[in-house]
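Using UniProt numbering, the first residue of the sequence shown is number 1, and each one after it goes up by one. Glycine included, C-beta positions come from ideal geometry on N, C-alpha and C. These numbers were taken from a predicted model, which means no experiment stands behind them.
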Amino acid sequence: MQRLEDDSPEDLVSLKQGLDLAQLQQGDGTVFEVDENGLVEKMGIAEAQEKEYFSKEAKLAVYSSVAECGLPDDDESTEQYHSDDDNDTDDESGPSPFQLLARNMQDLTPPEGGVLKQVLKPGTGDVVPKEAFVQVHYNGYLEYSGEPFDSTRLRDRQFRFQLGKGDTIMGLEIAVSSMRKGELARFIFSYKYAYGERGCPPRIGEKADVMFEVELLNFYDQGAVDAFYEKTEEERRNAPLSEILRVVQHDKQKAGELFNKQKYRPALNLYRKIIRTLEGVHLQNDDEEKEQQDLLQKVYLNSANCNTKLSRNADAVRDCKMVMEKDRNNVKAMYLRAKALYQDGKFDGAINWIKRAQAKSPNNTDINNLLGKINDDMNRFRQLEIDVCKRMFSQPGPKEDPKKESESSKGNCSEEFKRSSREGLLAFKNNPNLEEMPFTVATFSKEEIACVLEIAEELGLVRDVNQKGGILTVKFLKKKGATDDVVQ
Numbered sequence: 001m002q003r004l005e006d007d008s009p010e011d012l013v014s015l016k017q018g019l020d021l022a023q024l025q026q027g028d029g030t031v032f033e034v035d036e037n038g039l040v041e042k043m044g045i046a047e048a049q050e051k052e053y054f055s056k057e058a059k060l061a062v063y064s065s066v067a068e069c070g071l072p073d074d075d076e077s078t079e080q081y082h083s084d085d086d087n088d089t090d091d092e093s094g095p096s097p098f099q100l101l102a103r104n105m106q107d108l109t110p111p112e113g114g115v116l117k118q119v120l121k122p123g124t125g126d127v128v129p130k131e132a133f134v135q136v137h138y139n140g141y142l143e144y145s146g147e148p149f150d151s152t153r154l155r156d157r158q159f160r161f162q163l164g165k166g167d168t169i170m171g172l173e174i175a176v177s178s179m180r181k182g183e184l185a186r187f188i189f190s191y192k193y194a195y196g197e198r199g200c201p202p203r204i205g206e207k208a209d210v211m212f213e214v215e216l217l218n219f220y221d222q223g224a225v226d227a228f229y230e231k232t233e234e235e236r237r238n239a240p241l242s243e244i245l246r247v248v249q250h251d252k253q254k255a256g257e258l259f260n261k262q263k264y265r266p267a268l269n270l271y272r273k274i275i276r277t278l279e280g281v282h283l284q285n286d287d288e289e290k291e292q293q294d295l296l297q298k299v300y301l302n303s304a305n306c307n308t309k310l311s312r313n314a315d316a317v318r319d320c321k322m323v324m325e326k327d328r329n330n331v332k333a334m335y336l337r338a339k340a341l342y343q344d345g346k347f348d349g350a351i352n353w354i355k356r357a358q359a360k361s362p363n364n365t366d367i368n369n370l371l372g373k374i375n376d377d378m379n380r381f382r383q384l385e386i387d388v389c390k391r392m393f394s395q396p397g398p399k400e401d402p403k404k405e406s407e408s409s410k411g412n413c414s415e416e417f418k419r420s421s422r423e424g425l426l427a428f429k430n431n432p433n434l435e436e437m438p439f440t441v442a443t444f445s446k447e448e449i450a451c452v453l454e455i456a457e458e459l460g461l462v463r464d465v466n467q468k469g470g471i472l473t474v475k476f477l478k479k480k481g482a483t484d485d486v487v488q
């Protein structure tokens, strides 16, 4: 018998038992019984689903947009999540794949059947507490499709959210709330617990029921964290290390999320809070000290990373030094130290540390990129120094046309740059507690350098110029009594 061209192998359904052709010929009839396990495997929804049968690059953007779909609008009633029984009965063509799966699943929203669950791998410990911060991996599927419409595993990024805050679809909230750490489970969400009547076009149609396979990787109890910080300082210091580590890991995850959202200052504040907590703990033995120090190393590096993002370069160097006191060969500390020094225009130190890092990790892309950038800038600014060095070292003298020269040199600078430069120099001049102001030549163009020098000259500031290692360094000083003549 020839297969129809439209019947692909994926469209065929397996039976539990083969057919007896002789019995059919005798006219006795037979019963077709579908192999439900085979059907599940045909859908491609088993855990081995992660093979690369679809284009990763082509789907990433779609998955990211789907992940943001399905959240209720602020003015939507929660009644939209209550299911009805319209789709609960089998139609004339027999049960659908989801209906077959549902027969072996637990109803988490009885009697509605809005969220159904089947445990694939049991977890350990307690069920996730209310308002916990959770980390999960999931694959989401439409019925009759073996390809996930959304996958954290394909994105290679865990989904992290806090329960009870409306950060995801209602079905996933209810599903994760039923799980234990390490558990892998399969869920079916009715459309009212998923993406609603509208769906999430074009990937998810209207009134689409969905199936999710979810793995709970970890969770942090927000209630336990709040209780810890309600203790006195002495009680926190004397708390068991296991309790402190749970709180610290929670804060560390939260700080990481802030960093990923480019909220560097609040992330830095949280990392500093973690450092204070860890450094104040009373340790009972060497094992506890090792655990504390290992975590401190990571947090100091994260703090250094935040500081470089905020151009707090001296603080970043300090954090790196703290790491290298315990681990002098820490490559990441060398890299961040070089980056901070480079941002400060201290090329000699930056080259020193980035070359040390490269010697330890010669194939590291970030290290090699930073080394190339430092070398390029050093060459560029050496050439720049040739152009401006005479002006920098020369003393102000009579000019043939001062107005024309000033307009020419400052004409290539934006009004915003001129305004901010004047404000910065003026603030320095009028602050009696500051005696000098470094000027990082390496971060400015030739025109911008000329602009800053002219503004400083107008304000009566003195420039102090030095060359070290072939690199030009400049700082501005005040003339005696300069702060007495405040310029508005």
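Go ahead and pull the three-state DSSP assignment for residue i.
{"i": "Val331", "result": "helix"}
{"i": "Asp90", "result": "Residue placement at Asp90 cannot be trusted, given a pLDDT of 48 that sits under 50; what the coordinates show is reported in the next sentence. Looking at Asp90 - three-state DSSP - the assignment turns out to be coil, as it is neither helix nor strand."}
{"i": "Gln293", "result": "helix"}
{"i": "Lys298", "result": "helix"}
{"i": "Leu477", "result": "strand"}
{"i": "Thr109", "result": "coil"}
{"i": "Tyr144", "result": "coil"}
{"i": "Leu278", "result": "helix"}
{"i": "Tyr53", "result": "Because Tyr53 carries a pLDDT of 35, less than 50, the predicted location of this residue cannot be relied on, and the following value inherits that uncertainty. If DSSP states are grouped into helix, strand and coil, Tyr53 belongs with coil."}
{"i": "Arg153", "result": "helix"}
{"i": "Gly114", "result": "coil"}
{"i": "Leu268", "result": "helix"}
{"i": "Gln284", "result": "coil"}
{"i": "Gln262", "result": "coil"}
{"i": "Glu76", "result": "Low local confidence applies: a pLDDT of 41 at Glu76 is under 50, so the model's placement there is unreliable, and no value is given."}
{"i": "Gly125", "result": "strand"}
{"i": "residue 525", "result": "For residue 525 there is no data in the structure shown, the boundaries of the chain being 1 and 488."}
{"i": "Asn305", "result": "helix"}
{"i": "Arg380", "result": "helix"}
Counting only the same chain and skipping the five closest in sequence on each side, list residues whose C-beta sits under 7 Å from that of residue i.
{"i": "Cys413", "result": "Glu447, Glu448, Cys451"}
{"i": "Lys332", "result": "Leu301"}
{"i": "Arg198", "result": "Glu206"}
{"i": "Pro129", "result": "Asp221, Gly223"}
{"i": "Met437", "result": "Phe428, Lys475, Phe476"}
{"i": "Asp251", "result": "Leu270, Lys273, Ile274"}
{"i": "Gln249", "result": "Tyr220"}
{"i": "Ser177", "result": "Val128, Leu163"}
Among residues of its own chain, excluding the 5 on either side of residue i, which ones have a beta-carbon nearer than 6 Å to its beta-carbon?
{"i": "Pro266", "result": "Leu258"}
{"i": "Asp315", "result": "Asn307"}
{"i": "Glu52", "result": "Unreliable placement is indicated for Glu52, whose pLDDT of 41 sits below 50; the coordinate value is still reported in the next sentence. Here the set comprises nothing."}
{"i": "Val299", "result": "Tyr271, Ile274, Ile275"}
{"i": "Leu241", "result": "Glu288"}
{"i": "Leu296", "result": "Leu278"}
Taking 9 Å as the threshold (C-beta atoms), are residue j and residue i in contact?
{"i": "Tyr144", "j": "Pro97", "result": "yes"}
{"i": "Gln118", "j": "Leu100", "result": "no"}
{"i": "Gly123", "j": "Lys192", "result": "no"}
{"i": "Arg422", "j": "Ile374", "result": "no"}
{"i": "Ile169", "j": "Phe189", "result": "yes"}
{"i": "Leu341", "j": "Val317", "result": "yes"}
{"i": "Leu336", "j": "Asn305", "result": "yes"}
{"i": "Ala224", "j": "Lys231", "result": "no"}
{"i": "Phe439", "j": "Val474", "result": "yes"}
{"i": "Leu425", "j": "Leu459", "result": "yes"}
{"i": "Arg160", "j": "Val127", "result": "no"}
{"i": "Lys309", "j": "Gln262", "result": "yes"}
{"i": "Asn313", "j": "Asp344", "result": "yes"}
{"i": "Met291", "j": "Leu245", "result": "Reading off the sequence shown, one finds Glu at residue 291, where the question assumed Met. Their beta carbons are under 9 Å apart, which means Glu291 touches Leu245 by this criterion."}
{"i": "Leu371", "j": "Lys346", "result": "no"}
What distance in whole Å lies between the Cβ atoms of residue j and residue i, which are believed to be in contact at a cut-off of 8 Å?
{"i": "Leu216", "j": "Met179", "result": "4 Å"}
{"i": "Gly171", "j": "Arg237", "result": "In fact, because the Cβ distance is near 43 Å, the residues do not count as touching under 8 Å."}
{"i": "Val115", "j": "Ala175", "result": "6 Å"}
{"i": "residue 522", "j": "Glu131", "result": "Residue coverage of the chain in this structure runs from 1 to 488, which leaves residue 522 outside it and unanswerable."}
{"i": "Ala350", "j": "Ala338", "result": "5 Å"}
{"i": "Ser303", "j": "Asp286", "result": "Contact flag wrong, Cβ pair sits at about 25 Å."}
Got a sec? Which residues, its chain only, sit under 8 Å from residue i by beta carbon, not counting five neighbours each side?
{"i": "Gln293", "result": "Lys326"}
{"i": "Leu120", "result": "Glu47, Leu184, Ala185, Arg186, Glu213"}
{"i": "Phe444", "result": "Val452"}
**Report entry** Ranges of the alpha helix (DSSP H) found wholly within the segment 176–233, counting only runs of at least 4
**Finding:** Complete alpha helix (DSSP H) runs here, min 4: 222–229.
Query raised in the report: Which ranges does the alpha helix (DSSP H) cover as unbroken runs of at least 4 residues, wholly within the segment 333–378, from first to last along the chain?
Result: Within the segment 333–378, the complete alpha helix (DSSP H) runs of at least 4 residues are 347–360.
Report task. Identify every run of the beta strand (DSSP E) within the segment 409–455, keeping only runs that are complete inside it and at least 3 residues long; order them along the chain. Result -> Annotation: the segment 409–455 contains the following complete segments of the beta strand (DSSP E) (minimum length 3 residues), in chain order: 436–439.
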